[in-house]
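Protein chains in written order, with our numbering: chain A, 46 to 329; chain B, 4 to 288; chain C, 140 to 412.
Glycine included, each C-beta is placed from N, C-alpha and C at the ideal position.
Since the model is a prediction, treat every value here as computed from it, not as a measurement.
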Amino acid sequence: MYRSKVDGYVGTGLAMVGGVCTLLVLTIALFLLRESWSVVQGVGLRRFLTDSAWNPTEKRFGLAPMLLASVATAIGAIVIAAPLGIGSAIYSRFYAGRQAARIQRAIVTLMAGIPSVVFGLWGLVALVPLINKIMPPGTSLLAAMLVLALMILPTVALTADAALATVPMPLQQGAAALGLSREAMIAHVLVPAARSGIVAGILLSLGRALGETMAVLMVAGNVVQVPTSVFEPVRTLTANVALEMAYAVGDHRASLFVSGLALTLIVAALAVASWRLSEARSHG
Amino acid sequence: MADLIAVLPRRDLVLKAAVHAAALVVALAFAALLWDVIGQGLSRLSWSFLTTEPRSSGRLGGIAPIIISTVLLLLVAITVATPLAIGTAVLLVDFVRTGSLGARIVSMSLDILAGVPSIVFGLFGNAFFAIYLGLGFSILSGGLTLACMALPIMIRSTEIGLRAVPDDWRRGTAALGMTKTSALRHILLPAAAPAIIAGLMLGIGRAAAETAALVFTSGYVDRMPGSLFDSGRSIAVHIYDLTMNVAGGEKSAYAAALVLVGLLVIINAIALALSHHVLRKRITQ
Amino acid sequence: MLIDRRMFFIGAVALSTSTRAQTTDLTGRLVITGSSTVAPLVLEIGKAFEKRHPRVRIDVQTGGSSRGVADARSGLADIGMASRALFDNERDLFGTPIARDGICLVAHKTNAVSDLTDEQVKALFTGKAADWQEVGGKPGRVTIVNKAEGRSTLELFLQHYKLKNSDIKASVVIGDNAQGIKTIVGNPGAIGYVSIGSAEFEVSQGTAIKLVSSGGVVPSSAAVQAGTFPLSRPLTLVTKQAPTGLAAAFIAFARSSDMHPLVKEQFFVPLQS
Numbered sequence: 046m047y048r049s050k051v052d053g054y055v056g057t058g059l060a061m062v063g064g065v066c067t068l069l070v071l072t073i074a075l076f077l078l079r080e081s082w083s084v085v086q087g088v089g090l091r092r093f094l095t096d097s098a099w100n101p102t103e104k105r106f107g108l109a110p111m112l113l114a115s116v117a118t119a120i121g122a123i124v125i126a127a128p129l130g131i132g133s134a135i136y137s138r139f140y141a142g143r144q145a146a147r148i149q150r151a152i153v154t155l156m157a158g159i160p161s162v163v164f165g166l167w168g169l170v171a172l173v174p175l176i177n178k179i180m181p182p183g184t185s186l187l188a189a190m191l192v193l194a195l196m197i198l199p200t201v202a203l204t205a206d207a208a209l210a211t212v213p214m215p216l217q218q219g220a221a222a223l224g225l226s227r228e229a230m231i232a233h234v235l236v237p238a239a240r241s242g243i244v245a246g247i248l249l250s251l252g253r254a255l256g257e258t259m260a261v262l263m264v265a266g267n268v269v270q271v272p273t274s275v276f277e278p279v280r281t282l283t284a285n286v287a288l289e290m291a292y293a294v295g296d297h298r299a300s301l302f303v304s305g306l307a308l309t310l311i312v313a314a315l316a317v318a319s320w321r322l323s324e325a326r327s328h329g
Numbered sequence: 004m005a006d007l008i009a010v011l012p013r014r015d016l017v018l019k020a021a022v023h024a025a026a027l028v029v030a031l032a033f034a035a036l037l038w039d040v041i042g043q044g045l046s047r048l049s050w051s052f053l054t055t056e057p058r059s060s061g062r063l064g065g066i067a068p069i070i071i072s073t074v075l076l077l078l079v080a081i082t083v084a085t086p087l088a089i090g091t092a093v094l095l096v097d098f099v100r101t102g103s104l105g106a107r108i109v110s111m112s113l114d115i116l117a118g119v120p121s122i123v124f125g126l127f128g129n130a131f132f133a134i135y136l137g138l139g140f141s142i143l144s145g146g147l148t149l150a151c152m153a154l155p156i157m158i159r160s161t162e163i164g165l166r167a168v169p170d171d172w173r174r175g176t177a178a179l180g181m182t183k184t185s186a187l188r189h190i191l192l193p194a195a196a197p198a199i200i201a202g203l204m205l206g207i208g209r210a211a212a213e214t215a216a217l218v219f220t221s222g223y224v225d226r227m228p229g230s231l232f233d234s235g236r237s238i239a240v241h242i243y244d245l246t247m248n249v250a251g252g253e254k255s256a257y258a259a260a261l262v263l264v265g266l267l268v269i270i271n272a273i274a275l276a277l278s279h280h281v282l283r284k285r286i287t288q
Numbered sequence: 140m141l142i143d144r145r146m147f148f149i150g151a152v153a154l155s156t157s158t159r160a161q162t163t164d165l166t167g168r169l170v171i172t173g174s175s176t177v178a179p180l181v182l183e184i185g186k187a188f189e190k191r192h193p194r195v196r197i198d199v200q201t202g203g204s205s206r207g208v209a210d211a212r213s214g215l216a217d218i219g220m221a222s223r224a225l226f227d228n229e230r231d232l233f234g235t236p237i238a239r240d241g242i243c244l245v246a247h248k249t250n251a252v253s254d255l256t257d258e259q260v261k262a263l264f265t266g267k268a269a270d271w272q273e274v275g276g277k278p279g280r281v282t283i284v285n286k287a288e289g290r291s292t293l294e295l296f297l298q299h300y301k302l303k304n305s306d307i308k309a310s311v312v313i314g315d316n317a318q319g320i321k322t323i324v325g326n327p328g329a330i331g332y333v334s335i336g337s338a339e340f341e342v343s344q345g346t347a348i349k350l351v352s353s354g355g356v357v358p359s360s361a362a363v364q365a366g367t368f369p370l371s372r373p374l375t376l377v378t379k380q381a382p383t384g385l386a387a388a389f390i391a392f393a394r395s396s397d398m399h400p401l402v403k404e405q406f407f408v409p410l411q412s
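Here it is, written out as structure tokens:
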């Protein structure tokens with residue numbers, strides 16, 4: 046194949062540009078490490094998992110309850126959002142008429158554009174008092190799950206919709222030719238065929254749920270504890286950084302960077318998982 | 004066999020009902036949220052709200068300097084992120100083999116970057132741009148932080164746009180003896196332009212809604228910025244401050260939220276229209 | 140003695156700048172960081188100052204009191220903001236009060252309790268009294284609204300009731316005042332503590348909260364100004380050395396009686412002149 050000198054130069058230039066992304070990831074990791082290093086060295090990482098409480102000003106650094114809370118809110122949100130989002134995608138792809146499908150898609154896309162502070166504001170003013178009537182204090186793990194579920198719903202729905210769109214036409218026609226009902230076709234042919242795409246979308250949403258800060262801070266109650274029911278308040282890692290960062294100096298500030306680092310590691314692990322998944326899909 | 008026939012329709016009915024219920028719940032949740040924001044915000048919203056400075060910490064007055072700061076933040080982010088995004092996407096599609104080590108490293112970095120929580124970008128931006136590079140609390144620090152955040156989503160959608168250009172076109176340009184560079188400049192990038200712009204819009208949308216990454220980088224100052232080195236408050240930060248820190252600020256918060264949602268709706272509508280355009284083109288070819 | 144000398148010094152600066160301002164105009168930039176309680180007030184004062192001296196820029200960044208003190212010490216900020224007096228171990232710095240603020244207990248409007256003894260407040264916040272019945276109210280679960288670690292409102296509250304933060308059995312932890320009030324509005328069994336000025340404003344707006352007096356002292360802005368309310372704090376501007384030049388001019392301006400309407404607008408209490 047013909048290759049010009051110009052292409053060589055451009056290729057080199059582009060490789061450098063592409064390197065910027067990799068460099069950026071490394072720089073972020075480096076800076077998080079640098080800023081947290083003093084406390085990692087002085088206190089040791091183990092104490093972040095084993096200390097019984099989070100009182101950095103009293104030299105207690107237990108992050109474990111917040112780690113748990115982050116994971117619990119994100120998983121809870123997915124459990125609520127996944128069926129709704131996938132259902133909505135199936136509706137707009139296989140049930141709705143042209144017009145209804147367009148409206149449903151427009152709604153979901155608009156929802157994706159609503160900033161998280163607005164979800165938080167709405168959750169605090171409308172949702173929390175409702176939960177409080179069932180079981181005080183209202184600001185709770187449940188409130189966080191519900192607000193997060195609403196927030197990630199569009200992501201789940203849009204990715205599921207896109208995944209269903211990629212199911213090959215012959216598969217659909219074949220299923221129809223077998224005389225399967227529309228429901229049987231959806232349940233046994235189409236959704237399974239789009240499965241890996243849907244799961245990748247769910248993992249993406251899980252990452253967003255783990256990373257969301259402001260909306261959660263407004264409704265979760267922010268008490269550092271291991272919850273025994275969904276009605277109890279919790280504090281997530283992200284809320285912890287946002288609540289205390291402005292106030293923190295010295296070891297306290299460094300320990301918040303450890304929160305950030307822990308969060309990034311979880312999300313990176315998720316990214317690797319979803320990458321493996323799409324890798325498997327492209328080979329399968 | 005008789006069992007199977009008896010069972011199937013009932014299960015079908017359940018599935019059908021569930022799917023419709025899900026779609027309805029999604030639509031209703033959205034309607035409730037929007038109703039609340041419009042109902043609370045509309046009374047404060049007016050032309051002067053958009054064109055005057057905030058007074059009394061935002062309880063009174065408008066949000067003009069905050070809109071300007073938001074626009075400047077987005078401009079910085081776009082200016083920095085666009086060339087990087089297009090460059091990286093071109094690299095991934097046309098210059099390296101898929102599955103090669105380089106492609107895998109860059110893809111992996113992108114996936115991690117896409118997942119980094121915005122508050123972590125805020126921590127990083129504060130430590131790197133504001134303190135290490137000495138940019139301080141400024142629109143520049145905030146815009147650069149947003150650029151880092153929007154980069155992965157912009158690269159991915161540009162990549163999709165470029166891959167959607169049929170390979171026949173690439174072979175055609177090669178047959179004509181065009182270099183890859185001029186093929187990109189004259190054929191491939193123009194063909195992918197709508198998708199690239201749609202990707203940019205998505206990135207902007209994500210950046211415009213951002214609060215956590217900006218509190219520690221572009222800061223809190225709510226007056227008209229004089230230069231990019233000034234601190235400037237974005238609309239989302241303004242909403243957050245009015246809700247959490249200013250007694251009697253809710254009405255203004257809802258009005259500002261309405262402005263932000265309106266802005267994002269416009270951005271998303273443009274992105275949607277452009278991506279539709281791309282799809283239709285693919286179908287007609 | 141030290142304080143007296145300092146006040147005299149500030150007064151002298153105020154005099155000299157007010158005469159100088161008419162002849163030579165001030166130029167430059169002031170970076171002010173710290174307490175999120177003080178930030179909205181200083182932001183407004185800064186705007187008024189910029190209007191009078193068009194070649195001056197005042198940059199206000201929000202954070203917390205400890206951050207404001209640290210930034211003033213490191214030189215990152217020209218002036219730090221703290222919503223408290225300087226601690227004993229911060230005596231190497233200069234603090235100048237610009238207004239006062241009181242902290243009061245706030246409960247839901249429907250709560251039957253409107254006066255608590257100090258012992259009852261302690262029992263509520265440490266979880267020994269978990270039902271309103273135990274402090275003379277209608278039966279119902281108590282929700283304790285506490286502030287996040289590092290907030291000076293929290294420090295003042297703990298100091299007054301001689302508690303440690305780890306003793307408090309919080310059901311909700313909040314960041315700033317308005318979030319606290321919204322939380323209490325949404326929860327009839329809740330009790331928390333916020334700035335008196337914000338609470339009075341919300342009551343005047345018909346928000347479903349009420350101020351609860353503790354130990355027989357009725358909380359009000361007037362009591363704070365008279366100095367008879369125990370849970371109060373000075374809003375303080377902190378500088379590394381005795382303020383000079385632009386910083387001194389700004390601090391004197393912030394303390395002037397011209398600024399009292401702005402102070403009241405932010406629901407704080409002006410210093411007695």
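With respect to chain B, the C-beta atom of Asn-316(C) has a partner C-beta closer than 8 Å. Pairwise C-beta distances place the stretch 241-254 of chain B out of contact with the stretch 18-34 of chain B, as fewer than three of them are shorter than 8 Å.
Between the beta-carbon of Gly-63(A) and that of Leu-94(B) there is about 4 Å, and that keeps the pair under the 8 Å contact cut.
In this structure, the beta-carbon distance from Ala-287(C) to Gly-314(C) falls below 8 Å. The alpha-carbon separation between Gly-90(B) and Leu-385(C) amounts to approximately 48 Å. Neighbours of Phe-98(B) in chain A, taken as residues at a C-beta separation under 9 Å, are given in chain order as Asp-52, Val-55, Gly-56, Leu-59, Ala-60, Gly-63. Contact between the stretch 86-103 of chain A and the stretch 155-174 of chain A is absent: fewer than three C-beta pairs spanning the two stretches fall below 8 Å.
Looking at the DSSP output, Asp-254(C) bridges to Ser-352(C). Per DSSP, the beta bridge partners of Asp-240(C) are Arg-372(C). Residues of chain B whose Cβ lies closer than 8 Å to the Cβ of Asp-397(C) do not exist, since the nearest Cβ in that chain is about 16 Å away. At a beta-carbon threshold of 8 Å, the residues of chain A lying near Leu-113(B) are Cys-66, ordered along the chain. Cβ-Cβ distances below 7 Å link Glu-162(B) to Ala-92, Leu-95, Val-96 in the same chain, with the five nearest sequence neighbours on each side left out; the list follows chain order. Contacts with chain C (Cβ-Cβ distance below 8 Å) from the stretch 167-181 of chain A involve Leu-169, Val-170, Val-173, Pro-174, Asn-177, Pro-181, listed in chain order. For Phe-93(A), no Cβ of chain B is located within less than 8 Å of the residue's own Cβ. Shortest Cα-Cα distance from Gly-53(A) to any of Val-218(B), His-189(B), Thr-184(B) involves Thr-184(B).
Across the stretch 292-311 of chain A, CB contacts with chain C closer than 8 Å involve Tyr-292, Ala-293, Val-294, His-297, in sequence order along the chain.
For the pair Leu-113(A) and Ser-112(B), the Cα-to-Cα distance works out to about 26 Å. Take the alpha-carbon of Leu-193(A) and the one of Thr-309(A): they are about 19 Å apart. Identification of residues in the stretch 377-410 of chain C having a C-beta nearer than 8 Å to some C-beta of chain B yields Glu-404, Gln-405, Phe-406, given in sequence order.
With a cutoff of 8 Å on beta-carbon distance, Val-22(B) and Val-163(A) are scored as not near each other.
Taking C-beta separations shorter than 8 Å and ignoring five residues to either side along the sequence, the partners of Leu-166(A) in its chain run Met-263, following chain order. Pairing Asp-206(A) with Ser-250(A) gives a Cβ-Cβ distance that is not under 8 Å.
Going by beta carbons, Thr-211(A) and Gly-246(A) fall outside the 8 Å limit. For the pair Ala-317(C) and Ala-60(A), the Cα-to-Cα distance works out to about 50 Å.
The beta carbon of Gln-259(C) sits closer than 6 Å to the beta carbons of Val-274 from its chain, once the five residues preceding and following it are set aside; these are given in chain order. Within its own chain, the residues whose Cβ lies closer than 7 Å to the Cβ of Ala-178(C), once the five positions on either side in sequence are excluded, are Val-199, Thr-201, Met-220, listed in chain order. Sequence-distant Cβ neighbours of Gly-235(B) in its own chain, meaning closer than 6 Å and more than five residues away, are Ser-72, Ile-142, Ser-221, Pro-228.
Straight through space, the alpha carbons of Thr-346(C) and Ala-239(A) are spaced by roughly 51 Å.
Listed in chain order, the beta strand (DSSP E) elements of length 3 or more contained wholly in the stretch 135-219 of chain B amount to none.
Considering only Cys-151(B), Leu-217(B), Leu-116(B), the residue with the shortest C-alpha distance to Arg-253(A) is Leu-116(B). The beta carbon of Thr-246(B) sits closer than 8 Å to some beta carbon of chain C. Under the 10 Å beta carbon count, Gly-102(B) is surrounded by fewer than 16 other beta carbons and is classified as exposed. When CB distances to chain C are screened at a threshold of 8 Å, not a single residue of the stretch 119-153 of chain A falls below it.
Contact annotation: Ala-88(B) and Leu-191(B) have beta-carbon atoms that are not nearer than 8 Å.
Taking C-alpha positions only, Ala-387(C) is separated from Gly-289(C) by approximately 28 Å.
In the DSSP assignment, Thr-282(C) falls within the unbroken beta strand (DSSP E) covering 282-286.
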